[in-house]
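Reading through the structure tokens given below for one structure.
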Amino acid sequence: MIPRKTNPILVQGITGKQGTFWTKAMQDYGSNVIAGVNPKRAGSEHLGVPVFATAREAAKSAPFDISVMFIPPMMAKTAAIDACEAGARLLVCLTEHIPSHDVMEMHVAASINGTRIVGPNTAGLVTPGECFVGIMPAFNDRVFKPGRIGVISRSGSLGTLVSLNLTQAGLGQSAFYGVGGDPMIGTNSADALRILDDDPGTDAVVLCGEIGGSAEEEAADYASTMKKPVVAFIAGRQSPPGKKMGHAGAIVSGGKGDYASKRASLEKANVQVADAPSQLAGLLHRRLNAA
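Have a look at this one:
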């Protein structure tokens, strides 16, 4: 699912400092925020929308498609399960440092209720010119502008840099999908490729990966079947083996998940890999012109 301006959005934790700041930013950009959740403020109004005690209560009066969580780690499981059981089609989990056993329960609840989780530890999603959900700087038109290039990234900061480079090169984005940097995420890079492959507004995709795990190798398997061109950048080429670099999922162990294996898998799938983010626009121009 790619968020659209027509999709109703629920904000869990809407009245907190971060929830307030980013909800206002989402509203100003065009995101259709219709309600919020805070058990202590239920029955009140915040930023022009009603506040409910739970997502299930909100769904009775203000049905929503998407929920975004500004929730502390130890409360995230309860909030996520609440949103899934309330009928969320998409749950954007910004929270990091959620206990692993809680994350597993969240994914089970999502599977049972037909909810797609993005995250944990995602920076969110952007549909330039329409809406955004999360903490990405969609409102900065030097970074994001409407176009036909999909961007997938485990890292919000790397995704921002890549989107900036594309915009500077005259290539706008159809969607930004921040899949998150934790080891157990609900929507991985291969899933995001499938979503963008099915999107009629996307002509090509940039995959931003990093060392650790098998996400890029799995994405390469799907990319090999795509008609749309895919180019990639993998962060961590110079990182020492066995060291965790930033994200919880960015650790290389047992000789797997290193830069060389990821690059080799992608190139075997006809995905051109840039040595630096600044090279991605040039690779895209060549691939699109050759198509």
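Here the sequence shown is numbered in the working numbering, starting from 1 and rising by one per residue.
Every residue gets a Cβ at the ideal spot worked out from N, C-alpha and C, and that includes glycine.
Predicted model, so just to flag it, every value in this text is computed and none were measured.
Going straight from the alpha carbon of residue i to that of residue j, what length do you get?
| i | j | result |
| --- | --- | --- |
| Glu218 | Ile98 | 24 angstroms |
| His101 | Glu216 | 25 angstroms |
| Leu280 | Gly43 | 49 angstroms |
| Ala62 | Gly159 | 32 angstroms |
| Ala264 | Ala232 | 12 angstroms |
| Ile117 | Arg89 | 9 angstroms |
| Ala25 | Ala223 | 34 angstroms |
| Ser163 | Leu196 | 16 angstroms |
| Ala83 | Leu288 | 40 angstroms |
| Ala175 | Val151 | 6 angstroms |
| Ala109 | Ile81 | 6 angstroms |
| Gly36 | Gly124 | 17 angstroms |
Would residue i be called buried (16 or more neighbouring beta carbons within 10 Å of its own) or exposed?
| i | result |
| --- | --- |
| Met106 | buried |
| Asp258 | buried |
| Asp221 | exposed |
| Pro72 | exposed |
| Glu267 | exposed |
| Ser111 | exposed |
| Asp203 | buried |
| Asp198 | exposed |
| Asn121 | buried |
| Arg286 | exposed |
Could you check what DSSP says for residue i in three-state terms: helix, strand or coil?
| i | result |
| --- | --- |
| Ala274 | strand |
| Ser44 | coil |
| Thr127 | strand |
| Arg263 | helix |
| Ala235 | strand |
| Arg214 | Note on residue identity: the sequence assigns Ser, not Arg, to residue 214. Here Ser214 sits in coil by DSSP. |
| Ala110 | helix |
| Gly159 | helix |
| Val143 | coil |
| Ser224 | coil |
| Gly282 | helix |
| Ser253 | Note that Ser253 scores a pLDDT of 49, beneath 50, so its modelled location is shaky and nothing firm can be said. |
| Asn188 | coil |
| Ala76 | helix |
Give me whichever residues DSSP pairs with residue i in a beta bridge.
| i | result |
| --- | --- |
| Arg116 | Leu90 |
| Met69 | Gln12, Cys93 |
| Val205 | Gly150, Val230 |
| Met175 | It is worth fixing the name first, because residue 175 is Ala in this sequence and not Met. In DSSP, Ala175 forms a bridge with Gly150. |
| Gly134 | Gly124 |
Can you list, in chain order, the stretches of the beta strand (DSSP E) that have 3 or more residues and sit fully within the region 8-66?
-> Correct list: 9-12, 33-37, 49-52.
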